[in-house]
Amino acid sequence: MPNHFFSTVTPLQLREMIFKCPSGWITLKPGLCGICGSDLNLLRGSESLLLEPYASFPFILGHEIVGEIFDSPSGSEWHNGDRVVIEPLLPCDIRGVERCSFCATGNYNLCENFTAGSLPPGILTGYTKEAGGGAAQLMACHPKQLIRLPKVISDEKAVLTDSLASALQPVLNNFPGDKSTVVIYGAGITGQHVIRILRYFDSKATLVVVARYDFQKELALAGGADKVLTCPNRQALGSAINARFLPSTFDGGNLEGGAHFFFDCAGTTKSIQEGLLALRGKGQYVMIGTAAKVGPLDISSLWFRELQITGSSCYGNTKLNGQSIHTYSKAVEILSHEHYNTAGLLSHTFSLDKYKDAFSAAFNKDRYRSVKIALDMRTP
Ligand SMILES: [Zn+2]
Ligand SMILES: [Zn+2]
Numbered sequence: 347m348p349n350h351f352f353s354t355v356t357p358l359q360l361r362e363m364i365f366k367c368p369s370g371w372i373t374l375k376p377g378l379c380g381i382c383g384s385d386l387n388l389l390r391g392s393e394s395l396l397l398e399p400y401a402s403f404p405f406i407l408g409h410e411i412v413g414e415i416f417d418s419p420s421g422s423e424w425h426n427g428d429r430v431v432i433e434p435l436l437p438c439d440i441r442g443v444e445r446c447s448f449c450a451t452g453n454y455n456l457c458e459n460f461t462a463g464s465l466p467p468g469i470l471t472g473y474t475k476e477a478g479g480g481a482a483q484l485m486a487c488h489p490k491q492l493i494r495l496p497k498v499i500s501d502e503k504a505v506l507t508d509s510l511a512s513a514l515q516p517v518l519n520n521f522p523g524d525k526s527t528v529v530i531y532g533a534g535i536t537g538q539h540v541i542r543i544l545r546y547f548d549s550k551a552t553l554v555v556v557a558r559y560d561f562q563k564e565l566a567l568a569g570g571a572d573k574v575l576t577c578p579n580r581q582a583l584g585s586a587i588n589a590r591f592l593p594s595t596f597d598g599g600n601l602e603g604g605a606h607f608f609f610d611c612a613g614t615t616k617s618i619q620e621g622l623l624a625l626r627g628k629g630q631y632v633m634i635g636t637a638a639k640v641g642p643l644d645i646s647s648l649w650f651r652e653l654q655i656t657g658s659s660c661y662g663n664t665k666l667n668g669q670s671i672h673t674y675s676k677a678v679e680i681l682s683h684e685h686y687n688t689a690g691l692l693s694h695t696f697s698l699d700k701y702k703d704a705f706s707a708a709f710n711k712d713r714y715r716s717v718k719i720a721l722d723m724r725t726p
């Protein structure tokens, strides 16, 4: 019998399926598969309805995958037992179509062909029919999705690759100067990575983090945050970034002379509003959290302070010290270094049959003190 989770509102179920591997693809045995914020958005129905053309149902959930090769075509460079992570994007190369202009320049996260080719529509493995999915005992993946893991990286670290890569790309694309004040809004896994990446690359910027829960505060400080505020009001946030608070009759007051950068790792109406107000003139707002429909916003700061607003989608290639780098591979390399502090980031693992508990822990961050949750397929 299918096992329904939130059976009345979400279509998620655990069930037996016949495994099929497209010719030329590789069979992988997932070990750990992280639960992403976008998985939660999907289950709670807060994903953008306009992204519907970019997914195809039914699919096997899971795109933050570490595993080992189970079977590969003869002559392949892969051998059974090789440990890998999967870069889950499904752009032109994976779809077997001629490269679009973005793929041709390495910006395949902005591929224009996510709905084209032989595969059903989808941006990522884990949201796409017939393109595998990590919450399973076996999955098919395209050889170009595989990245070999060095021995020094445990599965528990490697499962953080996807979340790290998603934060790495926007941080490297918007790297603050050492004298900058930076607000990192949200102290879940993305915010925690943003703090650690900045310190990993020796940023001396002042990092002010906004957390929702107290337990996130300790982790943010351990990662290198200078100040952490838990659910601050506007005045408290302003004072933490040395902005002047200017009272207004309505809407909670304005801030003058605030931060240079605002990394929005929440993607809510409130985070966007506070971001617009917390930035000084020419300040840079970077959306990492995947916002969709938001409530009423006062966007006067956008023109009044000539703010720069940018988005960020997944990972592809970016630049580091003028050199082009592959973000996902760089994330693996960073995780292989001891001084990238991952303590406490993978907070829980659950076996696949306990998936309901896993999603409960992921949804109830405060009660479980959860950061990144992973499904564990390693034990039968
Ligand atoms: Zn993800
Ligand atoms: Zn493309």
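Following my numbering, the numbering of the sequence shown begins with 347 at its first residue and continues without gaps.
Don't be surprised by glycine CBs; every beta carbon is placed ideally from N, CA and C.
Within the same chain, and ignoring the five residues on either side of Phe416 in sequence, the residues whose Cβ sits closer than 7 Å to its Cβ are Thr373, Leu374, Lys375, Asn426, Leu484. Beta-bridge partners assigned by DSSP to Ala486: Thr373. Under the DSSP assignment, Asp610 falls in the beta strand (DSSP E) whose first and last residues are 605-610. Beta-bridge partners assigned by DSSP to Cys379: Ile411, Leu721.
Relative to Asp722, the option among Asn600, Phe709, Lys700 whose CA is nearest is Lys700. Between Ile432 and Cys611, the alpha-carbon positions lie close to 23 Å from each other.
In this structure, the beta-carbon distance from Ala513 to Ile543 falls below 8 Å. Taking C-beta atoms as the reference points, Leu592 and Leu625 fail to come closer than 8 Å.
One Cα belongs to Gly537, the other to Tyr531, and the distance between them is close to 7 Å.
The shortest C-alpha to C-alpha distance from Ile634 to any of Gly463, Thr656, Asp560 is the one to Thr656.
In the DSSP assignment, Ser647 falls within the unbroken alpha helix (DSSP H) covering 646-650. In the structure shown, Ala589 adopts coil according to DSSP, grouped into three states.
Judged by DSSP secondary structure, Thr688 falls outside any alpha helix (DSSP H); it is assigned neither H nor E.
Of the residues Leu386, Glu458, Val555, the one whose Cα lies closest to the Cα of Arg441 is Glu458.
Judged by the Cβ position, Asn459 qualifies as a neighbour of ligand 2 at the 7 Å threshold, a heavy atom of the ligand being closer than this. When the beta-carbon positions are compared, Leu465 and Thr451 stay at least 8 Å from each other. Straight through space, the alpha carbons of Ser693 and Leu407 are spaced by roughly 20 Å.
Taking a contact as a CB-CB distance under 8 Å, the pair Gly468 and Tyr400 counts as one, their CB atoms being some 6 Å apart.
The alpha-carbon separation between Ser402 and Gly472 amounts to approximately 10 Å. In chain order, Leu622 place their CB closer than 7 Å to the CB of Ile645, counting only its own chain and leaving out the 5 sequence neighbours on each side.
Ranked by how close their Cα comes to the Cα of Pro404, the residues Cys382, Ser422, Asp439, Met363 have Met363 in first place. Going by DSSP, Thr536 is part of the alpha helix (DSSP H) stretching over 535-546. As a beta-bridge residue in DSSP terms, Phe696 pairs with Leu721. DSSP places Asp712 in the helix class (H, G or I) of the three-state scheme. Taking the Cβ atoms as the reference, Leu601 lies roughly 4 Å from Gly584, within the contact range of under 8 Å. Going by beta carbons, Ser682 and Ile411 fall outside the 8 Å limit. When only Cα atoms are considered, Leu518 and Ala605 end up about 18 Å apart. For Asn600, the enclosing beta strand (DSSP E) covers residues 600-602. The continuous beta strand (DSSP E) containing Ala557 extends over residues 552-557.
Taking C-alpha positions only, Lys665 is separated from Lys490 by approximately 21 Å.
As DSSP reads the structure, Asn663 sits in a beta bridge with His672. Fully contained in the region 426-465 are the following alpha helix (DSSP H) runs of length 4 or more, in chain order: 438-441, 447-450. For Arg494, the beta-bridge partners assigned by DSSP are Val430. Distance from the CA atom of Thr595 to the CA atom of Ser447, rounded to whole angstroms, is 50 Å. In terms of CA proximity to Glu684, Ala504 leads the group Ala504, Leu386, Arg429, Glu414.
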